[in-house]
Each structure stands twice: as C-alpha cells, then as structure tokens.
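Everything in the sequence shown is counted per the working numbering, starting at 1 for the first residue and increasing by one.
C-beta: ideal position from N, C-alpha, C; glycine also.
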Amino acid sequence: MTNLIQTLISGLSLGSIYALIALGYTMVYGIAKMLNFAHGDVIMVGAYSGIVAVAQLGLSPWVTVIISIAVCAVLGVVIEFCAYKPLRQAAPLSVLITAIGVSYLLQNAALLLFGSQQMAYPTLVKLGSFSVGDVQVDGITVLTLAVTAVLMVALTLFIDKTKLGKAMRAVSEDKDAATLMGISVDRTITLTFAIGSALAAFASMFYGMTYVYIKPTTGAMPGIKAFTAAVFGGIGSIPGAMLGGILLGLIEQMSKTYISTLWADAIVFAVLVVVLVVKPTGLLASPCRRRCEVKKMQLTQKKRQRTDLLTVAAVAALFVVMAALLYTGHLTRQVTNMLVPVAVYIVMAVSLNLVVGLLGELSLGHAGFMSVGLFSGCLVAIALHTTALPLGVRLPVSMLAGGLMAAVFGLLVGLPALRLRGDYLAIVTLACGEIIKNIITNLNITGGALGLDTSSIYAGAKDLLPYGAVLVLLTVAVMLNLKRSKYGRAIMAIRDNRIAAESVGLNVTWYKLAVFVIAAFFAGCAGVLYGHSLANIKAAAFDYNMSIEILVIVVLGGMGSVPGSVISAIVLTVLPEALREVADYRMLVYAIVLILVMQATNNPTMKRFFASAKEKLTPGRKERAAL
C-alpha cells in the first residue's frame, strides 16, 4: 500500500509539471487556434535565463523569477509578432511549419550560446521532504501542485470574468465578429502569447528545480508530453489541461513502477489513443465547439495527364543523369551519399501527401510506418542473405515484405482516423509513431536500444540507386494516377465535405483506410531501401522529429502537388549538406530559411507575383483549364 501511495505521489509530481506546461499550450490554442510547437523551447529559454540570473549575475531567487517571466513573456510576444502575425490568414499547416521552424531556431541558438553540455538549474526555493506515515513527500511536489492549481483557477476566472478575457473568448469564437465589435484581434492574440509564455516561465522554474539539469533540447519531449496532456484533457479547455497533465503523469509513473520503465511511453500513448477513439474531443472539450473549429484544406487545380507525364519524365531524367554521373565517377563523395536519402525522402513526401494533401488529414506518425517497414524488411533481407541470393532478389523481396508490414500498421493507425480529425488525429498519429518506436526499441529481434546490425546487407549508392529510382517513379506514378482516377476524386470529395460525400453513397470508411494503407506501404518500402544504405539502424532515429521533417517537405512543396513534393524533398535534403561548411550555424540558417519561406509563400503580394509568373510561363493555361 505504501508503495502504491508513493507511486501516486510521484505521478502527481510528474503530472503537475505536464499540467503546468499544458496550461500555456492550451491558452494559446484556445484563443489563436494554433499548435505552438515552440512552446517547449520557450520553457528551455526560461530555464537558461534562470541559470544566467543566479549563476552569472548573482541575483536573488525572487528577482530571478521576475526575470524569467519577463524574458519568456517578451520572447512570446516577439515570436508572435515576427513569425506568426504575418500568417494570420494562412492555412493552419503553414503556421504549424513556422512553429517548427521557430523551435529549431531557439534550440540551435541555445546550442550556440550555451553549448551541448548540461547545466545545473539553481534551487530557487529550498523545501525539504516530509513524511506522512511511511510515505515521503517532496516539498517541491506540493508547491508545484499548488501553483498549478492556483494558475488554473486564476486563468479560468480571468477568461470568464474579465473584460480582456471576454475579448479573448470573442476572438476565439469569431475573429471577424470580434473586429466588428471594436476588439483588436492583433492585440488580443499578442496578449495571449504573452500570458502563455509567462506560464512557460513558471513551468521552466519548476521543471528545473525538479529535474535539475538543463540542455538546449530540454523542452522538446516535455513539450510533446504536455501537448499530449492538453489534447487528452480537451485542447482549448483550461481545466482539461490540468486534468490531462495529472492523468498523464499518473499513468506514466504507474507504468514505470508496476510494468516497465522501457514500456512507459508506449503505454501512455496507447491510453491516449484509446481515450480519443472513445471520446474524440478529449475529456472536457465541447464536441459542438470542436466541430466548428475543423477547417478544410484546399488543393490547387488538378493537372492534366500531359503534365503528369512530364512530371514522371522529369523525375526519370533526373535519375538517369545522376546515374550517368555516378557510374562515370563525376560525383563527389558528398553528393553520392545524398542520392539514396533523396530518393527515400521523395517517396516519403509523396506518400504522406496522399494523406495530408488528397485526404486532408494531418498525420505526424509517418516515420513510424517507415521504421516498421525498415526493420521488418531488413530482417527478411538478412535472412535471405544467408542463402547467398543476389541483391537483385533480396532487395525487391524485402521491400515488398517491409511495405506489406507497414501497410498492416497503416490499417491499424487508420482505424482511429475514422472518428478523429484535425489536431486530435495529429496527436493520435504522433502517439502511434512513438508507440511503434518504443516497441521496436524494446524487442530483442531488432537489436534493442543498440540497434539492428545491417552491415551484412549494406550496399553503396551505385547498387541502390536503380532500385531507388524505380521506387520513386512507381510512387509518383501511383500518386498521379490516383489523383486523376475516380478514387482520387472520391477522396478529395471526402476531404472537402464528408457529409456530402456520404450522402452520395461514398464509403468514407473504406477510402480513408485505403489512403492510410497505401501511404504506409510506400513509406515501408522507402524504409527498407534506406536500411540497406546503413550499417546499423536504431528505432530512436525514426521519431516524431522525422515525421515533422517529412511534413515540412510536403507543406513547402504544396499540398497535393507531386512535383512540389519531389522538388521540396530534393532541396531540403541537400540544403543541410550544402550548409556543412558552416556546420555550427547550418541548422540555425535552416530554421530561418524555413520561417522566411513560409512567410513568403503566404504573403498576398508574393502569391500574386507567383500566379502572374505562372500564367506567363504557361500561355493558354486558362483556356486549357476551361476545356
């Protein structure tokens, strides 16, 4: 019994941290309707500001608290003004990608300033432990719970009772109507970011005092867990954020104590998936309000068959040229090493575009399908290698095996998609990806945490390029033909208006599952190809960060655009390597470029410029489209 109570107290300690972070998340989402993936990194900045204030400036704890709050609040306002405000009318995914860019920017800026080594966070409040019977209770745990509860009540009263809070609610419900009533939408959203970032400062202090050590990536995983907690409780609901955080902490700690530390994350995410499938809007969110928040994504006009053939021909020509240069020895080693990753990322981007572009659903677990196919296919390849079969037999068979296994998982992940949409589906796919990663990491057959030794099936770019080219061409051809087919039109009809699609007799369930299965199949095939280019593979490399990278490629290339995905995959794969000369700054530059590109592509003036240029480059386009 004592052990159970001690575990519950530890769970409350962990859950209160998640709840405190989730309050900032849900504050921003509830008003601005955006997933601020940089929130965890604002927490990291707040922690470093506390370290600098105490360790380097010698300031008192109370002054340090004020400085941390001020730094985070100002940072939140600056981020909103510079990165998010220009995208006020942009699609939600554009804002999401910008938030990811801001996250990369803050992490790499901290890496340059403070280095990669951990730094100890100072003890701002000295509270010892005390005993209640045989149970030990940490004073920081009690204080964290108390502060979180007070902040939750204060935020709830502020939103419900004050004039500014009512203005925030009005902006949340209808920005246009709020403007007509004399409410400044821009100032209201700026204030929301200031409050949300100030909450991040509180989270940084209690996280630092609880876990002590801080590094540039400190905010990444707690941020994801807190985002999960906010969705768990009902994103946009302040009491829901508190409830979700506490429950998440309790489940995680109970799993660590009574099952296994290794499986704790998988269990947490599995519980999340089950809860959202049963209650798709979270525990405390309003279903009616949630339905009103769902926005449709639009695709550009369909290309004609001639354009599709030109796309396939251009991709084929590219690989022919690269193969010729490779086999004649005219490519540098650096370029040669990028050929297989470029092919892999093209396949991943084009297959994800099927889900995000054609179906209109946000998936953050595509790397999970890749890892399933990679490990299962490579295990088949290793088994076939013992039979002395040539690469021309082993690789196609293992790619087929990996693709089929990934397709099975795509079917399993696609089942929750039947009840979920938008941000809730995004977090479920992210959770499923993390579950897959956790399972693979803890299996003996896959090498566990040390990874799977694939040195026996390793092959160089010269051997793998033909297979990569065929896989790319097959993926592109399937995507283009699907868009033009009746099945593709049915999928886009479901994306645009699900109710109308059902009313004309379309089997929405079948089509949505088919999309996830097809996308997962090609991701699995790409994974097997990638596995053959490595001597060791670890599941940890295929986490949500890789899924986000692939999503970035899709969004930058254009939703539903196959040529755009191909070009974007090439550019974003090559860009980090091109910046290797400035290794210390390349990810910083990459983050800045990502933010600027999203702002440029969503700027009305730039849109008109690109539209005008496109019309000039393709004379008679309007006439052909009218035929």
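Beta-carbon separation (whole angstroms), residue i vs residue j, contact threshold 8 Å
i: L395; j: Y467; result: 6 Å
i: K437; j: A539; result: 5 Å
i: V515; j: L379; result: Actually they do not touch by this definition, with Cβ atoms about 27 Å apart.
i: S94; j: M598; result: 5 Å
i: L418; j: T509; result: 6 Å
i: G15; j: G245; result: 5 Å
i: A167; j: T188; result: 5 Å
i: L112; j: L23; result: L112 to L23, Cβ: 30 Å. No contact.
i: I51; j: P222; result: About 17 Å; that fails the 8 Å criterion.
i: T148; j: M242; result: 7 Å
i: A198; j: I79; result: At roughly 13 Å, the Cβ-Cβ gap does not stay under 8 Å, so A198 and I79 are not in contact.
i: V342; j: F522; result: So it is not a contact: roughly 16 Å between Cβ atoms.
i: T454; j: A535; result: 6 Å
i: F202; j: L20; result: 6 Å
Rounded C-alpha distance that separates residue i from residue j
i: I550; j: G524; result: 14 Å
i: V340; j: A426; result: 28 Å
i: P216; j: S204; result: 13 Å
i: M700; j: K462; result: In the structure displayed, the chain extends from 1 to 627; residue 700 sits before or after that span and is not available.
i: L75; j: F206; result: 19 Å
i: S363; j: P416; result: 12 Å
i: Q136; j: Y18; result: 21 Å
i: I185; j: G165; result: One detail in the question is off: residue 185 reads as Val in this sequence, not Ile. Each residue's Cα considered, the two are about 13 Å apart.
i: A200; j: M399; result: 45 Å
i: I440; j: A109; result: 33 Å
i: Y104; j: G558; result: 21 Å
i: N116; j: V54; result: The question names Asn, but residue 116 in the sequence shown is Ser. Whole-angstrom Cα-Cα distance: 20 Å.
i: I382; j: G531; result: 11 Å
i: N36; j: F227; result: 9 Å
i: I66; j: L57; result: 14 Å
i: V125; j: P61; result: 8 Å
i: I259; j: K175; result: 48 Å
i: V528; j: R586; result: 29 Å
i: T179; j: I238; result: 25 Å
i: H366; j: L352; result: 7 Å
i: G422; j: M34; result: 11 Å
i: H330; j: V231; result: 52 Å
i: L452; j: T261; result: 21 Å
i: V312; j: K486; result: 21 Å
Check whether residue i and residue j have beta carbons under 9 Å apart
i: V171; j: I9; result: no
i: G234; j: G282; result: yes
i: I595; j: L430; result: no
i: I435; j: V273; result: yes
i: V277; j: V428; result: yes
i: A519; j: G410; result: yes
i: I494; j: G360; result: yes
i: G414; j: V517; result: yes
i: G628; j: S547; result: Lying before the first or after the last residue shown, residue 628 is absent from the chain, which here runs from 1 to 627.
Where residue i sits in the DSSP three-state scheme
i: A120; result: strand
i: D174; result: coil
i: F269; result: helix
i: N36; result: coil
i: N444; result: coil
i: V125; result: coil
i: F542; result: coil
i: Y424; result: helix
i: Y213; result: strand
i: Q89; result: coil
i: I183; result: coil
i: Y135; result: Looking at the sequence shown, residue 135 is not Tyr but Val. Residue state, collapsed to three classes: strand.
i: L452; result: strand
i: I21; result: helix
i: I259; result: coil
i: N536; result: strand
Contact set for residue i: own chain, Cβ-Cβ below 7 Å, skip 5 residues either direction
i: M405; result: V372, G373, S376, G524
i: S134; result: Rather than Ser, the amino acid found at residue 134 in this sequence is Asp. Within the same chain, D134 has close Cβ partners T2.
i: A194; result: A73, G76, V77
i: T7; result: Q253, M254, T257
i: A316; result: L473
Residues near residue i in its chain [Cβ-Cβ closer than 6 Å; skip 5 each side]
i: T141; result: S13
i: A591; result: G101, Y104, L105
i: P122; result: V54
i: V552; result: I97
i: P287; result: Low local confidence applies: a pLDDT of 47 at P287 is under 50, so the model's placement there is unreliable, and no value is given.
i: V571; result: none
Contact set for residue i: own chain, Cβ-Cβ below 8 Å, skip 5 residues either direction
i: A323; result: L465, P466, A469
Cβ-heavy atom distance, residue i to the ligand ADP, below 8 Å
i: K256; result: For the ligand ADP, the structure offers nothing, since it holds no ligand at all.
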